[in-house]
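Take a look at the structure below.
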Amino acid sequence: MRTSYPVLFVPHGAPGFALRPGAAGRAMETAVDGLPLPRAIVIVSAHWDTPVPTVGFAEHPRTIHDFWGFPDELYALRYPATGCREASREVVHAITAAALPIREDATRGLDHGAWIPLRLMYPEAQVPVIPVSLQSAGGPQQAWRLGQALAPLTARGILIVGSGNVTHNLRDYQLAARQARPTPDYVRTFPEWLADRLAAHDVATLLDYRRQAPGAVQAHPSEEHLLPLFVALGASGNQARVQRFHAGIDDYVIAMDAYSFFPAPGGTTSASPTHPPPG
C-alpha cells in the first residue's frame, strides 16, 4: 500500500542559503528523514510564474541559476534531478480533472526556489522532480485551488512541496545586505499571525490575509513568495494537522518558517476545487 504523504511548505531564503543552510536547512533535512522515498516530488516555486498552470516534462531538468551578484561557488552548484513523464502525466490529469487550464513544458528546469530546498532535503537527487508553476495574478484563491487540484497525488506516493518565504521584502533585504539593521516588526508579527490562523484552520481569513494580517503588505509587497503556502494548504485537504517545524529569521528580514501539513483521514481530496468557508 502506498504511503500518503504530508504536504510541505519550505523556505528557500536568499540564494546564499544554499551555502549556509544553518538551522532552517537542518530542520528541512529532518522533516523528510522518516518518510519513505516518494515516487516523485511535485514542487511549486515562487520563481516560476505563468498565466496558466504549467507542468514540467523535462527528462533531466537543468539547474537554473536565476540570480546575480553572488559568490562563484554558488553558480557551480548543480542539482542533477531527473524527471518522470509518468508522474508529470498524473499531475496533468489531476489539474485537468479539477477543471483548471493546463499547459506542458518539455524544457523547464529547476529555479533556485526549487533546487535549493530539494538539495537540502534529498541531496542525492534520487527522487524524480516535477515542477509546477504558480499563477500570481490569481492571488491566494488561485494558489489554493491549484493545491486542491494536486491533493489526490498525496495518496499516490507523490510528495507535494511549496517553496517560498513567509516574508519577502526585496527592498528591505537589499538595505540589510548593505548595512546591518534591526529586524522590522512585521518580520515577527506577520509569521505569528499566519501560524495562528493556520493552526485554527481559518482558510477564509488566510485567503484574505492582505486585508486582515498585521504587516501583510510590508511582508509581501508582491505575493508570489507566499502563494506556495496556499498551494500547500489546498493540497492538504480539510482539517489537516499543521506542524510549524521551523521558525527563524535569516538576513535580518527573511522569515524562514517551514510547515508540514498532514492530511486528515477522509479529508478533502476531491479533484473538484471547493470554495472557502464564509468568513
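Residue numbers (our numbering): -12 to 266.
Ideal Cβ positions, reconstructed from N, Cα and C, are used throughout, including at glycine.
In this text the structure is predicted, and so the values were computed from the model without any measurement.
*asked:* According to DSSP, is histidine -8 part of a helix, a strand, or is it coil?
replied: For the record, residue -8 in the displayed sequence is tyrosine; it is not histidine. The answer is coil: DSSP assigns tyrosine -8 none of H, G, I, E or B.
*asked:* Starting from glutamine 113, trace the beta strand (DSSP E) in both directions and tell me its first and last residue.
replied: Run containing glutamine 113: none; DSSP gives neither H nor E here.
_Burial state of serine 32, where buried means 16 or more other Cβ atoms lie within 10 Å_ = Buried is the call here.
*When the Cα atoms are used, what is the spatial distance from glutamine 122 to glutamine 205?*
21 angstroms
*What do you get for tyrosine 62, buried or exposed, if any count of 16 or more other CB atoms within 10 angstroms of its CB means buried?*
exposed
*Put tryptophan 35 into one of helix, strand or coil per three-state DSSP.*
strand
*With DSSP run on the structure shown, which of helix, strand or coil describes glutamine 230?*
strand
*What whole-angstrom Cβ distance do valine 119 and valine 78 have, given they're in contact under 8 angstroms?*
6 angstroms
*For phenylalanine 248, which of helix, strand or coil comes out of DSSP?*
strand
*How far does the alpha helix (DSSP H) with glycine 221 in it reach, from first residue to last?*
214 to 222
*With burial defined as no fewer than 16 other Cβ atoms inside 10 Å of the residue's Cβ, what is the status of glycine 56: buried or exposed?*
For glycine 56, the number of other beta carbons within 10 angstroms of its own is below 16, and it is reported as exposed.
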